[in-house]
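Read the structure below first, then the notes.
Numbering (the working numbering), first residue to last: 2 to 152.
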């Protein structure tokens, strides 16, 4: 995340969290004088159309206040999807308790389970009756796995 995106995340997170929703990811760009903001949102109970509309209105108003020059804003809001790639510490923390699949750097087989803990060095997943700690350095790819949510 670049400095401007980090600044916007810090500005918008408290507002969106006030609605009971978490910003998973944010991207921001300016092209031809037009601002483009993409928000990926999450709430454990799920998000409906009305929730997304409410966030859109709230964020749109805040972004207008932050831009005294009135540049046009394209605002795109969506949910993470059922097989989102997990990219950073923040995302691991948000999705604790959710199904996950891990592709280790030294294997071609996915490891599936429920994410039960994560820190900067390791993640911990639970499978049936086993718990596995996996070094973050040994993870080639990590994705949400909705099939594990149903266990």
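We treat Cβ as the ideally placed atom computed from N, Cα and C, and that holds for glycine.
Judged by pairs of C-beta atoms under 8 Å, the region 106-123 does not touch the region 51-65, as fewer than three such pairs exist.
Under the criterion of beta carbons closer than 8 Å, residue 38 and residue 64 qualify as touching, at roughly 7 Å. Contact between residue 95 and residue 115 is ruled out by a C-beta separation of about 14 Å, above the 8 Å threshold. Under the 10 Å beta carbon count, residue 30 is surrounded by fewer than 16 other beta carbons and is classified as exposed. In the DSSP assignment, residue 105 falls within the beta strand (DSSP E) that extends over 100-105. Excluding its 5 nearest sequence neighbours in each direction, residue 98 has C-beta neighbours in its own chain below 8 Å: 45, 115, 116 and 117, listed in chain order. Counting only runs that start and end inside the region 105-152, the alpha helix (DSSP H) elements of at least 4 residues fall at 147-150. Taking a 10 Å sphere around the C-beta of residue 81, we find 16 or more other C-beta atoms and assign the residue as buried. For residue 57, no beta strand (DSSP E) encloses it; the enclosing alpha helix (DSSP H) starts and ends at 50-67. Assignment of residue 22 by DSSP, reduced to helix, strand and coil, places it in the coil class. Residue 44: not part of any beta strand (DSSP E); DSSP gives it neither H nor E. The three-state secondary structure of residue 16, taken from DSSP, is helix.
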